[in-house]
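Be aware that the sequence shown starts at 0, since it is given in numbering that gives the first Met the number 0, and climbs by one per residue. The beta carbon of each residue, even a glycine, is placed where N, CA and C say it ideally should be. A short worksheet on the structure shown next.
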Amino acid sequence: MLILYVLCVFVPIVFTNVLFFSVTTNNVRNQRMKDISRAIEQIKNEFKIKIDDAVYVSSFFFTDYNLNQILETDYDNPADYVDAYDSYFRRILNTYTPVYTSVQNIKIYVDNPTMLHSGGIGNLTPEVKQTEWYRALNQSKQTHIVFIRTSMEDSSTSQGMLDSFSVVRRMNYYNSQNRYEKVLKIEMKTSSIRQIFQNLNLQGNIYLINNQGKVQYTTDPSVDWKVDSPDFQSLSFPSDSIQFETKYENVSLLEGWRIVGTISEEEVLKEVYKSRDFIVVLACINIILPTLIILGITRSLNIRLVRILRHMKKVKNQNFDTIKEGESDEDEIGQLTGEFNRMTLQVKSLIDDVYLADIQKKTLELERRQAQLNALQSQINPHFLFNALETIRMRSVIKNESETAKIIHNMAKIFRTSLTWSKDRVTVNEEMEFIVCFLEIQKYRFEDRLDYHLDIDPDVRTCIIPKMMFLPFVENASIHGIELLKSGGRIDVRIEREADDLIFSIRDNGIGMEEEKVKKFYDYLVSDEEIGERIGVQNVIYRLKLIYGDRFQLLIDSAPMKGTFIRLRIPVDGL
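This is the structure:
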């Protein structure tokens, strides 16, 4: 029961829970990794959308013909410029800035000296030309438009800090009319960018890295991205942190830029740990409760089975004590106990009342039969017959009756062989000696009416076969086939080997057999009837079935007045 419990309860429960926990851990971890990857991808797409909005707005300013005319006009006095500014430029600023929430500020820098520095218009001074964003615009090969980190315009708190992003574009769409240099700078809202990167599905740090591997924005509080642009490879991360990365591809302004998210493995597996606690509690319940139940049942079974075993050992020592009443239950063990008590009482009764008397009766019967057998053996002693035949043969020899002496000798040999069955296996050569003795006796009987021919393959003479297996077929051929012929009777016997089979065939030119007789022989092959005291071919077939089963073959070809042909095939190694 302990082995049954360990193999069928404990091991399967432990294995199932371990397997379930492993599969659940992998599934939860993989799902969490997919969620984080999707969150990173979502940040990437939303950030690109914000930049596309700024680029879209810049395209309107870039291709606006009226705006280009205002910026290229030389104004005689400031009032003319103010009229032009109020009539068109102020209106388009008020149109785009509220619509695109990601746009913080739109400003055009020009080197037209007749224009005043006002809202949305700035002078392209030497100081401006020394800024990082202006130098990046001159170095850019991307159709005179760049995306770069800049300081917030008109902010006293942003001095020396690169705390915003801007789309900078040179306004040279109408090249033929350009007398002055014009640069459009669209500043993005830092709060909008912050909202994108603070994704609630990602409890970690996000890094925006440019094509030079510099950190441009991050949610990591330990990195002051507004003052410096540290190299991402120089940052240190906890040993259990996992990184997720997505790159911008086929985006001209962000080509080579990438977003990297780092999150601790503990955060990834937080849900797994919750599942682990539940699985551990469930496994403990599944193990402890069945264990207590099985131990209780096992203890009850063990106690009662040991009690039955103890009483069985008493019975073996002829102490027929029964299990006391009240010690058994109503289950299978209780039923077994009740049956044991009844069996014990019956055995005791049989031994006391029947068995001893029956033994005495059977002992007397065996003694009586043994006495009868001894009497019969003394009355019919085969040696007496052998001695009598030998006396007649010697008398015939003395009288020079050699032929009679030879026949008596053959008959004594056959008689001795038929009565001696301590050796039930003989060689083919020994079997042929019996057949020759029998045929010589028959030839003595029939004289010129019988002739025989034996063709024995020398290779089969040492093969072992059942004793007197072929002789009954020869006997049938001579007695039932040749006896009624007046002359010309012939028997041909052939024994040969074919592969692993021994083939015995006999042919006579006697009176043959009716079809019903042949069918009767074939019926012996499939009949399960026991032979008993019957002899002849039927006895041979029965012996062949006992020895070889279905591994022998018997062929009988006979017709009235056309003789009989019989072929028997048996396996050489069948004994």
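Close beta carbons around residue i, own chain, < 7 angstroms, minus the five adjacent residues each side
i	result
Ser191	Lys49, Thr100, Ser101
Glu40	Thr245
Ser228	Lys213, Val214, Gln215
Ser139	Val145
Lys128	none
Met512	Ser557, Thr563
Phe19	Ile278
Asn65	Tyr87
Reduced DSSP secondary structure (H/G/I, E/B, other) of residue i
i	result
Phe61	helix
Leu483	coil
Pro77	helix
Glu244	strand
His452	strand
Val571	coil
Asp51	helix
Leu115	coil
Glu532	Low confidence applies here, because Glu532 scores a pLDDT of 46, under 50, leaving its location unreliable and the question unanswered by this model.
Asp499	coil
Asn137	helix
Gly333	helix
Phe14	helix
Phe236	coil
Phe164	strand
Ala374	Per-residue confidence for Ala374 stands at a pLDDT of 43, beneath the threshold of 50, marking its modelled position as unreliable; the derived number appears in the next sentence. If DSSP states are grouped into helix, strand and coil, Ala374 belongs with the helices.
Ile510	coil
Phe319	coil
Met560	coil
Gly295	helix
Glu254	coil
Thr403	helix
Asn29	helix
Close Cβ partners of residue i (< 6 angstroms) along its chain, the five nearest in sequence each way excluded
i	result
Phe243	Ile35, Ser36, Ile39, Gly260
Phe503	Phe469, Ile494, Leu567
Leu282	Leu is not the amino acid found at residue 282; the sequence shown has Ala there. Only Asn16 meet the Cβ criterion.
Gln535	Residue 535 is actually Gly in this sequence, not Gln. Taken in chain order, the residues that qualify are Pro471.
Tyr84	none
Gly531	Residue placement at Gly531 is flagged as unreliable, the pLDDT there being 46, under the threshold of 50; the coordinate-derived value follows with that caveat. Nothing listed; no residue qualifies.
Tyr4	Ile293
Lys313	Asp320
Pro11	none
Pro289	Val8
Ser477	Gln441
Val517	Ile555, Ser557
Thr297	Met0
Terminal residues of the alpha helix (DSSP H) in which residue i lies
i	result
Arg193	189 to 196
Lys106	Element bounds for Lys106: not the alpha helix (DSSP H) but the beta strand (DSSP E), 102 to 109.
Leu349	From DSSP, Leu349 is part of no alpha helix (DSSP H); its letter is neither H nor E.
Ile120	Careful: Ile120 lies outside any alpha helix (DSSP H), inside the beta strand (DSSP E) at 120 to 122.
Glu126	125 to 128
Lys519	514 to 525
Ile2	1 to 4
Nearest-angstrom beta carbon gap, residue j and residue i [assumed within contact, 8 angstroms]
i	j	result
Met596	Ser221	Outside the shown range of the chain (0 to 574) lies residue 596, about which nothing can therefore be said.
Leu453	Met431	7 angstroms
Val109	Tyr173	Contact flag wrong, Cβ pair sits at about 14 angstroms.
Beta strand (DSSP E) segment containing residue i, residue limits
i	result
Gly260	257 to 263
Val145	144 to 149
Ser86	Careful: Ser86 lies outside any beta strand (DSSP E) and carries neither H nor E.
Gln552	552 to 557
Asn475	Taken as a continuous stretch (DSSP letters only), Asn475 belongs to no beta strand (DSSP E), being part of the alpha helix (DSSP H) at 470 to 475.
Beta-bridge pairing of residue i - partner residues as DSSP gives them
i	result
Ser504	Arg493, Arg566
Arg169	Val182
Val214	Ile208
Pro465	Arg424
Leu304	Answer is none; Leu304 lacks a bridge partner.
Asp230	Lys213
Gly488	Leu449
Contacts around residue i, its chain only, beta-carbon distance under 8 angstroms, and the 5 residues preceding and following it disregarded
i	result
Ile578	No answer is possible for residue 578: the residues shown for the chain start at 0 and end at 574.
Pro237	Ser263
CB contact below 9 angstroms: residue i versus chain C
i	result
Ser299	Reference to chain C is not applicable here, since this structure consists of a single protein chain.
beta-carbon residue i near the ligand SAH non-hydrogen atom, thresh 8 angstroms
i	result
Val214	Questions concerning the ligand SAH fall outside what the structure shown contains, since it holds no ligand whatsoever.
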